[in-house]
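Below is one structure, written out as structure tokens; comments come after it.
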Amino acid sequence: MIFHALALAMHLAPFAVFGLLCDITIRIGIDALIGVSAYVGTVIVGLVILLLVYLSLVCLIGRINPWSFIKSIKGAQLLAFSTSSSAAVMPLSMQIAEQKLQVQKPIVQFIVPLGATINMDGTALYQVIAALFLTQVFGVTLTDSQIVMLMLTTVGASIGSPSTPGVGIVILASVLASFGILPSGIALILGVDRILDMCRTTLNVTGDLTACVVMSRWLNKHIEISNSSANSPV
Numbered sequence: 002m003i004f005h006a007l008a009l010a011m012h013l014a015p016f017a018v019f020g021l022l023c024d025i026t027i028r029i030g031i032d033a034l035i036g037v038s039a040y041v042g043t044v045i046v047g048l049v050i051l052l053l054v055y056l057s058l059v060c061l062i063g064r065i066n067p068w069s070f071i072k073s074i075k076g077a078q079l080l081a082f083s084t085s086s087s088a089a090v091m092p093l094s095m096q097i098a099e100q101k102l103q104v105q106k107p108i109v110q111f112i113v114p115l116g117a118t119i120n121m122d123g124t125a126l127y128q129v130i131a132a133l134f135l136t137q138v139f140g141v142t143l144t145d146s147q148i149v150m151l152m153l154t155t156v157g158a159s160i161g162s163p164s165t166p167g168v169g170i171v172i173l174a175s176v177l178a179s180f181g182i183l184p185s186g187i188a189l190i191l192g193v194d195r196i197l198d199m200c201r202t203t204l205n206v207t208g209d210l211t212a213c214v215v216m217s218r219w220l221n222k223h224i225e226i227s228n229s230s231a232n233s234p235v
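Here you go:
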């Protein structure tokens, strides 16, 4: 009976979202939909910039060609894009880190599960942009201190978010409620949340594997320095 109710809810969800979008568009205006396009573009540009930062760390600290790194982890990225869940990708991420990136098993077993839990950089970036976008759409004027507080709140909330699809939008709704924005306002971005969820999960997984490479290089460098110091004549 429960599964039938869930199946019915999933079939009705697209129509419900469409109704909420129509209601918000009527009350706010067509400019809101134009703003959604700018919002999506801003999130994607931010994710690309963050990806470039990861690739720079891989190149400068990990001493790995960025293109080779992308080719090695593309399997995990594709799975993350399709599932929108860092937890679902974790076994594959660990396998890729050990076999293709040549990261030691203890490092992989520590970094990847920890990253799947707290490394939500893509989610944090998305939630900050979404929060600022919705406050502008609904005409909520924020002071500089409130903007900083909003950013810190959304980033902090994203750190402990579960690695499951669609959770980010729930956390965002609870955060925005404290700033006077009704949960129904989330419907304005709900229609594009799935594709953005896929993109930010891909970036989160990329960040986990980047951390593995950087940590492996950093630890190996310190081991080499320690060994050279121990073998040097007194």
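For the sequence shown, this note's numbering begins at 2 and goes up steadily by one.
Even for Gly, the Cβ is constructed at its ideal location relative to N, Cα and C.
Thinking C-beta only, is residue j closer than 8 angstroms to residue i?
i, j, result
"M199", "S85", "yes"
"V214", "V54", "no"
"G116", "R218", "no"
"I190", "Y40", "yes"
"N205", "M91", "no"
"V156", "V129", "yes"
"A77", "I97", "yes"
"V176", "T154", "yes"
"F134", "G36", "yes"
"A174", "L151", "no"
What residue does the alpha helix (DSSP H) around residue i start on, and which one ends it?
i, result
"G76", "67-84"
"K106", "106-119"
"G181", "Segment: none, G181 is in no alpha helix (DSSP H) and carries neither H nor E."
"Q100", "87-100"
"G123", "122-138"
Mind checking residue i: buried by the 16 CB within 10 Å criterion, or exposed?
i, result
"L126", "buried"
"I172", "buried"
"N66", "exposed"
"R195", "exposed"
"L183", "exposed"
"S1", "With the chain covering 2 to 235 only, the question about residue 1 has no answer from this structure."
"L119", "It is worth fixing the name first, because residue 119 is Ile in this sequence and not Leu. Its Cβ having fewer than 16 others within 10 Å, I119 is exposed."
"I112", "buried"
"V46", "exposed"
"I170", "buried"
"S146", "exposed"
Would you grab the beta carbon distance between residue i and residue j for me? Rounded to a whole angstrom, and I think it's under 8 angstroms.
i, j, result
"L210", "I74", "5 angstroms"
"V44", "L197", "6 angstroms"
"G181", "V141", "6 angstroms"
"L51", "G123", "7 angstroms"
"G56", "F70", "What sits at residue 56 in the sequence shown is Leu, not Gly. Contact flag correct, Cβ pair sits at about 7 angstroms."
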